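In what follows, a single structure is set out as structure tokens and then discussed.
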Amino acid sequence: MADWTYEKNGCVYPLDGDGLLKGFSHYMRSISAGWIIAQKVVMIEGIRRLVDVGRWIIRTSELTIPRAARESQAEHLIQAMANVCRFRIIHEGDGCTWASDGSMKPASASIEEEKVVLGAATGPSTLVLKIPGRNVSILHGEQIGLIIALMLAGQSSSDAQFCSPIIRILLGLSKTVPRLRNMNGCTYYRWILSLIDRMDTSVKYTCAHTEEDTMEARMNRDADFYASHSHEFKSMVPQSPVPTFHMNDYTFYRDRDGWIESNIGDFINVSMASETSTKLGIGNKYRMSTWAHDESSQPDFPYLRAISAHSAAVQLYARSGQLPTADILVERGKLSSNRCRLGCDEVEDMHHIFVYCEVYEEWRAEAGASVVEWTKEKLNTLEVEEVIANNLLNSAKSLFTDDPLVWPLQKMFFCLGQLPKIDPLINMGGVESGEIYR
Ligand SMILES: [Zn+2]
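Going letter by letter, the sequence shown gives residues 8 to 445 in our numbering.
Below, the structure written as structure tokens:
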């Protein structure tokens with residue numbers, strides 16, 4: 008038992024029996040996150056034994072080949088690909104300097120999201136490779152770029168110098184550094200160190216300031232060009248081999264993510280959060296369907312600074328399906344009829360109150376007119392193009408009605424704090440002007 012279980016949990020073990028009845032998320036800053044995530048996993052996923060988590064397997068027959076043989080196969084493959092692909096060289100270098108770079112699209116993708124990560128190296132020859140799997144980041148792109156550079160440089164007999172900042176850090180390290188084991192991208196770092204170890208010629212770092220007009224800076228810009236522009240032909244970019252030969256003895260794997268080498272606690276946390284949000288997003292009468300609506304963050308003011316927190320409280324109740332409307336009270340046996348208690352001959356649910364109830368018609372019209380007025384004012388100040396301005400004005404007019412042209416799920420969701428997607432309306436003048444209007 009850990010110290011904190013005496014102090015904060017009355018000597019109760021948190022991962023079994025009564026210990027599972029209490030949540031610890033609010034202790035995130037004072038006890039180790041590992042405990043909190045483990046408890047959530049046991050509670051939500053019902054995991055009791057290691058076999059409930061997964062099983063140890065040798066995933067492919069490839070893993071039965073000795074590590075050294077796999078490494079040599081991978082390296083031959085990369086060298087062969089450089090010969091076959093024959094990328095055009097943009098600027099001639101000095102024959103011994105190499106630049107490399109990585110890129111990821113979409114740039115903001117999280118560890119769970121689909122993405123394309125590319126690594127590129129250019130020097131006396133050039134190659135771009137795509138990294139398989141989803142549990143990868145821009146760092147892996149930069150690492151594979153450097154791996155390509157080292158491997159292609161190793162084929163020549165002259166000394167090589169590299170513009171990658173990664174090499175400057177690594178030249179002072181050895182592959183047995185214990186800290187490498189838990190570092191993000193550790194497998195690729197080990198591969199880089201192994202390549203440096205085996206090179207016959209000396210490896211040097213050379214600094215390249217992008218703003219200068221030196222050969223190194225030009226090559227850096229070329230590497231950046233290959234890494235970022237190859238996304239336009241991503242289906243034609245060859246895949247890099249996965250360096251399983253430098254992985255820890257046991258490594259996590261999930262079919263849709265590939266090898267998981269990021270922090271496993273964080274990974275489980277993100278994965279559970281996205282599972283919950285998917286469940287909420289499609290169930291519960293679409294009350295939490297954030298995916299269908301505008302994804303930009305909500306303005307803070309009504310939640311944090313408004314003098315009365317009433318509207319925020321109403322929205323919280325509405326989102327959790329707890330507004331005491333007649334239909335809900337009938338379900339709970341607190342009322343005998345679900346008809347509108349304000350006199351309309353309709354079922355009194357949240358939607359009726361916010362969109363159709365005649366008693367509130369005047370308020371709705373008044374609020375609608377104000378929104379249209381504010382929108383007009385903003386459009387005039389920003390001098391927005393006419394087509395875009397008309398689009399935005401039409402949406403503003405329909406904000407409080409069930410207009411199927413404006414609301415993606417054919418129903419008004421404003422009372423749940425949602426807005427129709429704004430990007431398609433403002434990007435008509437190009438993404439750049441869309442950014443400005445937002
Ligand atoms: Zn009514």
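Glycine included, C-beta positions come from ideal geometry on N, C-alpha and C.
The structure displayed is predicted, hence computed values, not measured ones.
VAL60 is bridged by DSSP to nothing; it lacks a bridge partner.
Apart from the 5 residues on each side of it in sequence, VAL123 sits with its Cβ closer than 8 Å to the Cβ of MET111, LYS112, LYS137, HIS238 and LYS241 in its chain, given in chain order.
ARG371 and SER377 have their C-alpha atoms roughly 10 Å apart.
For ILE44, the CB contacts under 7 Å within the same chain, skipping 5 residues up- and downstream, are GLY272, ILE275 and ASN276 in chain order. Using a Cβ-Cβ distance cut-off of 8 Å, the segment 245-254 and the segment 185-199 are in contact, since at least three pairs of beta carbons, one from each stretch, lie closer than that value. Counting only runs that start and end inside the segment 264-311, the beta strand (DSSP E) elements of at least 3 residues fall at 265-267.
Counting along the chain, PHE232 sits inside no beta strand (DSSP E); it lies in the alpha helix (DSSP H) bounded by residues 222-236.
VAL135 and VAL244 do touch by the CB rule: their CB atoms are close to 5 Å apart, below 8 Å.
The shortest C-alpha to C-alpha distance from LYS428 to any of VAL366, SER296 and GLY340 is the one to SER296. Under the DSSP assignment, LEU134 falls outside any alpha helix (DSSP H), being part of the beta strand (DSSP E) whose first and last residues are 133-137. Under a 10 Å Cβ-count criterion, GLN246 is classified as exposed, with fewer than 16 other Cβ atoms of the shown protein chains found around its own Cβ. Pairing GLY130 with GLY109 gives a Cβ-Cβ distance that is not under 8 Å.
Around the CB of GLN150, 16 or more other CB atoms lie within 10 Å, so the residue is classed as buried. Taking the Cβ atoms as the reference, ALA374 lies roughly 19 Å from LEU386, outside the contact range of under 8 Å.
Short of 6 Å from the beta carbon of SER405, and not among the five residues preceding or following it, lie these beta carbons of its own chain, in chain order: VAL413. Excluding sequence positions up to five before and after LEU336, its CB lies within less than 6 Å of the CB of LEU342, all in the same chain and listed in chain order.
For ALA128, the beta-bridge partners assigned by DSSP are SER107 and LEU134. Using a Cβ distance threshold of 8 Å, GLY288 and TRP298 count as a contacting pair. Around ligand 1, the residues selected by a Cβ distance under 5 Å to any of its heavy atoms are CYS347, LEU349, CYS351 and CYS364, following chain order. Taking 8 Å as the upper bound for CB-CB distance, ASN90 and ILE118 are not in contact here, some 34 Å apart. In this structure, the CA atom of LEU399 is about 8 Å from the CA atom of ILE433. By the neighbour-count criterion, in which 16 or more other beta carbons inside 10 Å mark a residue as buried, PHE308 falls on the exposed side. Counting C-beta pairs closer than 8 Å gives three or more between the segment 327-334 and the segment 348-366, which meets the contact rule.
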